[in-house]
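Start counting the sequence shown at 35; every next residue gets the next number (UniProt numbering). The structure under discussion appears below in the form of structure tokens.
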Amino acid sequence: PLTAKVNHHDILEIGGCDVTTLVAQFGSPLYIVDEETLRTACRQYRDTFKEYYKGESQVLYASKAWNCLAICAIVAAEGLGIDVVSGGELYTALQAGVSPNKIYLHGNNKSREELVLAIESGCTIVVDNWYELQTLVELAPADSPIRIMLRLTPGIECHTHEYIRTGHLDSKFGFDPNDLGEVFTFVSQQPGLNCIGLHAHIGSQIFERQPHRDLAAVMVQWLKDAANYGLNITELNVGGGLGIKYIESDDPPSIEEWSKAICEIVQQACQEANLPLPKLLCEPGRSLIATSCVTAYTIGSAKVIPDIRTYVSIDGGMSDNPRPITYQSVYRAVVANKMSAPLTETVTLAGKHCESGDILIKNAQLPKTEPGDILVVMATGAYNYSMASNYNRLPRPAAVLVANGEANLILQRETYQDLIRQDCLPERLK
Ligand code: LLP
């Protein structure tokens, strides 16, 4: 739910800002982030965990969905921690002023440099595999043990695109649960490692609640096993994965419903297993950021193929939103300057890349459009900017943060100079 309305000129306003004016001021394409929507989602997670979980809780933002200084700063100001998956994301979170004790580093193949940065900054490392465990033993400073969590593969299937499923047993992530005893034994013998918690994540854009219930139950059983190995594990991180509504027929649980289900099942399982309540963590990405952002494009050329299809092209595409071509993801769009015009046209919205598959939306229902109209694609906050590329040497768009009629740049538009910044032309080629 965006802070959006249609003004008396029939133009879409977000966060009190006229979208066509934003495009005139900041250029096109443009990511527009509604601060209120982002803050509301943070509060919904945080407050539901506070209300329904009797132990301590901490919601983390899975910043792979969109990691940049401003977004890290907003999320941290709402009391959330940050999940990072690379040295680059970690560096950004630290530069945004996020407290290291609220940062968790993930990854199935962290480099030595990334591990050293994590150790030196004092964040928690979510250990994925044996190689990493052994590297950490080597790197651990003698005086203060490193805070780690262990990532395990829970062996839980869920219904989502195969590229974004992670919980099944043949996933590349996490320790095999069959190795649990061996891992616990090893960790319990390492003075350099302080294992505070267990982690698992089953996948992304999930609409069912049962997989996470199953996951929580499995994880509490692991907690119990850990105690048998003399490990004092006090944190449980159930990952992220709650889906969002991209189009009308999508029907995910609300943030409150999902969070409440997790709290209840962990409490129930702990009670049955006679265990004290662990500190409960979760790390949503998409459901925190996706709906707070839209992408505004300018409509350009059209091609009518009689009786077959009408293409309407926009000034961006797979470089600023690679999700349709990668996962066949579906999106909804409106025309910002024709908000109450009747939706008389069915068109294929095409990107400007030299690739036939660069289609943003198939069969979009739009009013009659013409060049210069501003197309707004909804719910583009997650895995759009963060997966954006310079394919065909398109500069990445700018992003603005809107609130109460004010707009602030949070990411500058790339320039042609930016595009050749890393290029080197050896002397003999000049
Ligand atoms: N935690 C871990 C360990 C993860 O691997 C992920 C997502 C999350 C949390 C956050 O999941 P979320 O709440 O956002 O569903 N690029 C794909 C999504 C990849 C998700 C990868 N991991 C897409 O555009 O759909």
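Even glycine gets a Cβ: it sits at the ideal position worked out from N, Cα and C.
Can you tell me whether residue i is buried or exposed, with buried defined as 16 or more other CB within 10 angstroms of its CB?
| i | result |
| --- | --- |
| Glu317 | buried |
| Tyr87 | buried |
| Ala130 | buried |
| Gly215 | exposed |
| Ala110 | buried |
| Gln168 | exposed |
| Thr219 | exposed |
| Asp68 | buried |
| Asp392 | buried |
| Cys157 | buried |
| Ile408 | buried |
| Gly274 | buried |
Is any heavy atom in ligand 1 found nearer than 6 Å to the beta carbon of residue i?
| i | result |
| --- | --- |
| Tyr417 | yes |
| Ala251 | no |
| Glu269 | no |
| Gly275 | yes |
| residue 474 | In this structure the chain extends from 35 to 464, so residue 474 is not present and cannot be described. |
| Ala441 | no |
| His140 | yes |
| Ser238 | yes |
| His202 | no |
| Ala96 | yes |
| His246 | no |
| Arg357 | yes |
| Ala99 | yes |
| His235 | yes |
What span of residues does the alpha helix (DSSP H) with residue i cover, start to end?
| i | result |
| --- | --- |
| Gly215 | 214-222 |
| Lys396 | Taken as a continuous stretch (DSSP letters only), Lys396 belongs to no alpha helix (DSSP H), being part of the beta strand (DSSP E) at 393-400. |
| Leu322 | 320-323 |
| Ile153 | 146-155 |
| Thr169 | 164-173 |
| Glu123 | 121-129 |
| Thr449 | No alpha helix (DSSP H) contains Thr449, which DSSP labels as neither H nor E. |
| Pro358 | 357-361 |
Quickly, what does DSSP pair residue i with across the bridge? List them, please.
| i | result |
| --- | --- |
| Ser347 | Ala384 |
| Leu435 | Val67, Asn442 |
| Gly49 | Answer is none; Gly49 lacks a bridge partner. |
| Gln92 | Leu315 |
| Tyr331 | Leu409 |
| Thr37 | DSSP, once it has assigned bridges, lists no residue as partnering Thr37. |
| His233 | Arg185, Asn271 |
| Gly113 | DSSP output for Gly113 lists no bridge partner at all. |
| Phe209 | Leu186 |
| Ile296 | Bridge partners of Ile296: none, in fact. |
| Glu389 | The partner list for Glu389 (beta bridge, DSSP) is empty, contrary to what the question assumes. |
| Val338 | Thr344 |
| Ile240 | Leu276 |
| Asn308 | DSSP lists no partner for Asn308. |
| Leu227 | Ile180 |
| Glu85 | The partner list for Glu85 (beta bridge, DSSP) is empty, contrary to what the question assumes. |
| Glu379 | Leu400 |
Under 7 Å between C-beta atoms, does residue i make it to chain C?
| i | result |
| --- | --- |
| Arg320 | Judged by its chain identifiers, the structure shown contains no chain C, having just a single protein chain. |
If you draw a straight line from the alpha carbon of residue i to that of residue j, how long is it in whole angstroms?
| i | j | result |
| --- | --- | --- |
| Asn438 | Leu394 | 30 Å |
| Asn212 | Val40 | 56 Å |
| Gly50 | Pro287 | 28 Å |
| Lys144 | Glu85 | 36 Å |
| Ile159 | Leu270 | 14 Å |
| Gln255 | Val300 | 10 Å |
| Glu461 | Leu383 | 44 Å |
| Cys327 | Tyr65 | 7 Å |
| Gly208 | Ile236 | 11 Å |
| Ile108 | Ile339 | 46 Å |
| Val381 | Tyr125 | 42 Å |
| Thr414 | Leu311 | 36 Å |
| Asp354 | Asn426 | 12 Å |
| Thr268 | Gln446 | 42 Å |
| Cys102 | Gly115 | 14 Å |
| Thr187 | Thr37 | 39 Å |
| Arg343 | Lys98 | 36 Å |
| Met421 | Glu298 | 34 Å |
| Ser293 | Ala250 | 12 Å |
| Asp204 | Asn418 | 27 Å |
| Glu404 | Leu314 | 52 Å |
Starting from residue i, follow the beta strand (DSSP E) in both directions and report where the run begins and ends.
| i | result |
| --- | --- |
| Asn262 | Looking at the DSSP string, Asn262 is not in any beta strand (DSSP E); the run it does join, the alpha helix (DSSP H), is 244-262. |
| Leu139 | 137-139 |
| Ala367 | 367-369 |
| Thr158 | 158-161 |
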